[in-house]
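Please read the structure below before turning to the comments.
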Amino acid sequence: MKHPETSFIFLLTAVIILMVTVLPCGAASLRILYVNDFHGFAESHKRIGSDELQGGIAHCAFRAAELRKEKPSLLLAAGDMIQGDTWANLFAGRSSIDVMNEMGFDAMVVGNHEFDFGKAVLARRIEEAKFPVLAANVTGFDPLKPYVIREIDGLKIAIIGVVTEETPSATHPSNVAGLQFLPVTKTVERYVTELRDKVDLIVVLSHIGYNADMALASAVKGIDVIVGGHSHTKAVKEIMVGNTIIVQAYEHVLALGVLDLTVEDGRITSVSDRLENIAPATVKKDEKVAAIVENYACQVRQSMEKVIGEATLDLNADNARSSESNLGNLVADIIKKESGAEAAIINGGGLRTSILKGPVTVGNIYSVLPFNNYIIAIRLTGQQIKDALEYGLSGIEAKEGRFPQVSGIYFTFSPTRETGRRVGTITIGGGPVELSRQYTVATNDFLAAGGDGYQMFREAIRQASDFEIIGGTIKSSNIAYNDAGRWLRDVVAAEVQKEKKIGSAVEGRIRTEGE
Amino acid sequence: MKIFINDREIHLAPGMTVRHAIIAAGFTREIDAGEKVFDEWGNEVGLDGAVSENYRLYVEVKKAR
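Chains A and B, in that order, give the protein sequences. Residue numbering for the first sequence follows numbering that gives the first Met the number 0, starting at 0 and increasing by one per position. Residue numbering for the second sequence follows numbering that gives the first Met the number 0, starting at 0 and increasing by one per position.
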């Protein structure tokens with residue numbers, strides 16, 4: 000039998016050796032757990048090219064809790080948490096905040112998409128959050144704080160939030176009315192100067208993108224760590240720019256970032272960073288978070304069955320790749336109305352199914368428009384509109400998806416003429432098209448990016464006479480409307496709900512010559 | 000905004016993402032087939048990731064790290 004005193008002395012000695020080995024005298028350890036660009040992807044899902052379920056906020060929560068038990072820790076979110084997937088959008092981000100509260104986040108920076116539901120909604124979300132929501136470079140919005148100081152294991156840590164200056168260019172203007180987005184570098188410089196002597200560590204929680212994080216670290220001395228987001232970068236290991244550590248953890252909680260630091264006399268003396276993949280097959284789930292996720296998911300499923308209007312006739316997508324479609328007219332009309340454009344052009348192939356006469360549910364609209372597309376309006380010349388229509392008609396024989404559905408435009412065509420010469424007369428706003436005049440034309444972001452082979456919208460952006468880059472953002476009067484934060488299907492669903500009865504007719508917007 | 004994808008110049012509107020760059024450059028088929036997008040530092044990037052002026056992206060058949 001062992002002597003109890005000997006065992007105690009042995010144990011004590013082992014503990015002392017362990018303490019001396021793990022941390023030098025006066026050293027402190029800190030673990031920063033981080034995620035970014037969650038976008039409300041709460042449920043595990045399969046990714047393109049993979050059959051495995053990945054992600055899942057309940058699994059991320061379980062692993063974060065495990066890791067927090069090991070060391071003094073901070074849990075940080077680098078923006079774009081409340082908007083994106085229907086699980087978040089349907090509740091204007093409330094579901095994301097509920098989950099984040101349960102997980103015990105220490106701080107979050109707003110991303111550009113946090114503004115997508117408007118200032119009033121964002122103020123409510125911030126009020127509900129049990130953690131500070133930061134943005135030092137946004138003025139005119141009191142709920143946002145520039146920074147927060149946390150004390151962890153004797154270390155004082157300042158966390159400064161910054162969001163991309165480009166936010167106003169990609170959301171509805173009303174969402175950011177009265178707000179100013181100040182230059183990131185100058186803002187961070189100011190706060191680093193103010194806080195450097197008051198804290199042991201300065202962490203910038205940024206939503207400006209990986210390259211911009213590197214530029215920031217080069218420009219401003221005194222930042223210890225940048226935890227970034229916005230570019231959805233899977234930075235599997237930290238990088239150093241000067242003395243600044245930069246990390247980012249991909250997107251949609253497919254990964255959890257784990258940054259371990261040792262700090263001695265206000266200096267970081269050791270760094271270890273990794274991304275841990277989050278997947279149901281390898282990580283258990285936090286049951287409380289899982290219950291919140293399921294509660295909201297259940298509401299999403301129920302909402303899809305909600306009747307929001309009535310179709311007074313069949314709305315047909317079957318013919319949308321070869322002729323005027325009344326469903327195409329409905330969607331194009333809504334796009335034109337929402338953006339205030341003079342005309343709209345969409346691709347018939349973007350209408351994925353028909354709506355039968357009778358009650359219309361949210362799910363019906365989502366089935367017609369299943370993609371995450373948004374509305375953008377661009378100024379095109381009459382010639383560019385003609386070119387777009389010619390291009391749209393060029394695949395009519397094979398019923399290609401690029402066939403145009405239009406609003407505010409009437410045109411004739413001959414399907415038998417050679418491609419590029421099929422369009423006959425074009426009328427816009429009641430008068431014949433003027434080839435050299437500019438018109439505001441709304442479309443979806445897919446076509447604007449050149450999807451289905453359309454090049455005219457992108458060319459119009461590039462060719463603008465006032466095209467210039469200011470602070471990394473394109474400035475062009477050719478972009479008349481750009482709301483990247485609201486999906487087209489949600490705009491259409493809202494309009495159907497407002498109108499109650501929908502019954503767009505085929506009215507001769509697109510006519511075959513000789514008819 | 001001007002970016003490069005596999006060294007080809009692409010112009011996008013503000014707010015557009017890696018996904019739009021893929022569409023613009025005609026790489027949607029490759030992505031559907033499982034190819035990944037990487038930044039100039041070799042990091043994989045998500046399709047909804049923001050892009051910025053002179054950003055360089057590469058579509059590659061490379062096992063994601």
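C-beta atoms are modelled at their ideal positions from N, C-alpha and C, and glycine is treated no differently. All values derive from a computational prediction rather than experimental measurement.
Uninterrupted beta strand (DSSP E) stretches inside the region 140–169 of chain A (no shorter than 3 residues): 146–151 and 154–162
Going by DSSP, what residues sit across from A:ASP482 in a beta bridge? Mapped onto the first sequence, residue 482 of chain A falls at position 483. A:ILE374.
Going along the chain, which residues of its own chain have a beta-carbon closer than 6 Å to the beta-carbon of A:SER413, five neighbours each way excluded? Translated into positions along the first sequence, residue 413 of chain A becomes position 414. For A:SER413, where only same-chain residues beyond five positions count, the Cβ hits under 6 Å are ARG421 and GLU512.
For the candidate residues A:LYS398, A:GLN382, A:ASP482 and A:TYR390, whose alpha-carbon lies nearest to that of A:TYR438? Start at 1 with the first residue of the first sequence, and residue 438 of chain A comes out as number 439. Comparing Cα-Cα distances from A:TYR438 to each of A:LYS398, A:GLN382, A:ASP482 and A:TYR390, the minimum goes to A:GLN382.
Can you round the beta-carbon distance between A:VAL292 and A:LEU75 to whole angstroms, since I take them to be within the 8 Å contact cut? Numbered from 1 along the first sequence, position 293 holds the residue referred to as residue 292 of chain A. Numbered from 1 along the first sequence, position 76 holds the residue referred to as residue 75 of chain A. 21 Å between Cβ atoms; not a contact.
Sheet register partners of A:GLY308 (DSSP bridge): Within the first sequence, numbered from 1, the residue matching residue 308 of chain A stands at position 309. A:VAL359.
Give a yes or no on whether the minimum CB-CB distance between A:ASP444 and chain B is below 9 Å. Taking the first residue of the first sequence as 1, we reach residue 444 of chain A at position 445. Chain B contact via Cβ: present.
Would you kindly check if the distance between the Cβ of A:HIS58 and the Cβ of A:CYS375 is under 9 Å? Indexing the first sequence from 1 puts residue 375 of chain A at position 376. Indexing the first sequence from 1 puts residue 58 of chain A at position 59. Residue identity differs from the one stated: residue 375 of chain A is Ile in this sequence, not Cys. Contact flag unset, no.
Interface partners of B:GLU59 on chain A, CB under 7 Å: The residue labelled residue 59 of chain B in the question sits at position 60 within the second sequence. Result: empty, since nearest Cβ-Cβ is about 13 Å, beyond 7 Å.
Using the three-state DSSP reduction, which class does A:THR85 fall into: helix, strand or coil? Counted from its first residue, the first sequence places residue 85 of chain A at position 86. The answer is helix: DSSP assigns A:THR85 an H, G or I state.
Under 7 Å by beta carbon: chain B residues contacting A:SER230: For this step, residue 230 of chain A is matched to residue 231 along the first sequence. Simply VAL44, GLY48 and ALA49.
Whose Cβ in chain A lies nearer than 9 Å to the Cβ of B:ASP38? The count along the second sequence starts at 1 and reaches residue 38 of chain B at position 39. Near B:ASP38 (Cβ distances below 9 Å), the residues of chain A are TYR209, ASN210, SER230 and THR232.
Identify whether A:LEU17 lies in helix, strand or coil by the three-state DSSP scheme. Here residue 17 of chain A corresponds to residue number 18 of the first sequence, with the count starting at 1. Because the pLDDT of A:LEU17 is 46, which lies under 50, any placement of that residue in the model is unreliable, and the question is left without a value.
Contacting residues, own chain, Cβ-Cβ under 6 Å from A:GLY471 (five flanking each side not counted): Along the first sequence, read from residue 1 onward, the residue named residue 471 of chain A stands at position 472. At A:GLY471 the pLDDT is 39, less than 50, meaning the model places this residue with poor confidence; the figure from the coordinates comes in the next sentence. Within the same chain, A:GLY471 has no close Cβ partners at all.
Taking any Cβ of chain B, which residues in the region 55–72 of chain A have a Cβ under 8 Å from it, in chain order? none
Can you list, in chain order, the residues of its chain with a C-beta nearer than 6 Å to that of B:GLY25? Leave out the 5 residues immediately preceding and following it. Along the second sequence, read from residue 1 onward, the residue named residue 25 of chain B stands at position 26. Within the same chain, B:GLY25 has no close Cβ partners at all.
Considering only residues of the region 434–458 of chain A, which uninterrupted alpha helix (DSSP H) runs meet the minimum length of 4 residues and lie entirely inside it, listed in chain order? 444–447
Which residues in the same chain as A:LEU194 place their Cβ atom closer than 8 Å to its Cβ, once the five residues preceding and following it in sequence are excluded? Walking along the first sequence from the start, residue 194 of chain A turns up at place 195. These residues qualify, in order along the chain: TYR146, ILE148, ALA157, ILE159 and ILE201.
Cβ closer than 9 Å: which chain A residues qualify as neighbours of B:ASP6? For the purposes of this step, residue 6 of chain B is identified with residue 7 of the second sequence, where counting begins at 1. Here the premise fails: no neighbours, minimum Cβ distance about 17 Å.
Neighbour flag for A:GLY348 against chain B, beta carbons, 9 Å: Here residue 348 of chain A refers to the residue found at position 349 of the first sequence. Chain B contact via Cβ: absent.
Among residues of its own chain, excluding the 5 on either side of A:ALA214, which ones have a beta-carbon nearer than 8 Å to its beta-carbon? Position 215 of the first sequence, counted from the start, is the residue given in the question as residue 214 of chain A. Excluding positions up to five away in sequence, the list reads THR184.
Could you work out which residues of chain E lie near A:SER168, taking near to mean beta carbons separated by less than 8 Å? The structure shown has no chain E; the protein chains it does contain are A and B.
Could you have a look at A:GLU396 and say whether DSSP puts it in helix, strand or coil? Translated into the one-based positions of the first sequence, residue 396 of chain A becomes position 397. Coil, per DSSP.
Tell me, which residues are paired with A:VAL240 by DSSP? Along the first sequence, read from residue 1 onward, the residue named residue 240 of chain A stands at position 241. For A:VAL240, which the question treats as bridged, DSSP gives the partners A:THR243.
Three CB pairs or more closer than 8 Å across the region 265–276 of chain A and the region 323–331 of chain A: no
Mind checking which residues open and close the alpha helix (DSSP H) that includes B:VAL68? It is not possible to answer for residue 68 of chain B, since the shown part of chain B is limited to 0 through 64.
Identity of the residue in A:SER205, A:LEU178, A:VAL505 and A:ASN294 nearest A:VAL187 by Cα: Reading the first sequence from its first residue, position 188 is the one you call residue 187 of chain A. The option with the nearest alpha carbon to A:VAL187 is A:SER205.
Any chain B beta carbon closer than 9 Å to A:TYR295: Start at 1 with the first residue of the first sequence, and residue 295 of chain A comes out as number 296. Cβ-Cβ to chain B under 9 Å: no for A:TYR295.
The region 489–502 of chain A / the region 298–312 of chain A touching (three or more Cβ pairs under 8 Å): yes
So, at 8 Å on beta carbons, what are the nonlocal neighbours of A:ASP332 in its own chain, with the 5 sequence-adjacent residues on each side left out? In the first sequence, the residue the question calls residue 332 of chain A occupies position 333. Around A:ASP332: ALA343, SER406 and SER503.
Less than 9 Å between the beta carbons of B:LEU39 and B:LEU11, yes or no? Your numbering for residue 39 of chain B matches position 40 in the second sequence. Your numbering for residue 11 of chain B matches position 12 in the second sequence. Residue identity differs from the one stated: residue 39 of chain B is Glu in this sequence, not Leu. Against a cut-off of 9 Å, the Cβ pair of B:LEU11 and B:GLU39 comes out as no contact.
Can you grab the Cα-Cα spacing for the pair A:ASN88 / A:ILE81, in whole Å? Translated into the one-based positions of the first sequence, residue 88 of chain A becomes position 89. Translated into the one-based positions of the first sequence, residue 81 of chain A becomes position 82. When rounded, the distance between both Cα atoms is 7 Å.
Looking at the C-beta of A:ALA483, does it have a partner C-beta in chain B at a distance below 9 Å? If you number the first sequence from 1, residue 483 of chain A lands on position 484. By this cut-off, A:ALA483 is an interface position.
Answer yes or no: does any C-beta atom of chain B fall closer than 9 Å to that of A:GLY83? Residue mapping note: residue 83 of chain A aligns to position 84 of the first sequence, counting from 1. Yes - at least one Cβ of chain B is within 9 Å of the one on A:GLY83.
Would you report the Cα separation of A:ILE354 and B:ALA23, rounded to the nearest angstrom? Here residue 354 of chain A refers to the residue found at position 355 of the first sequence. Here residue 23 of chain B refers to the residue found at position 24 of the second sequence. About 31 Å.
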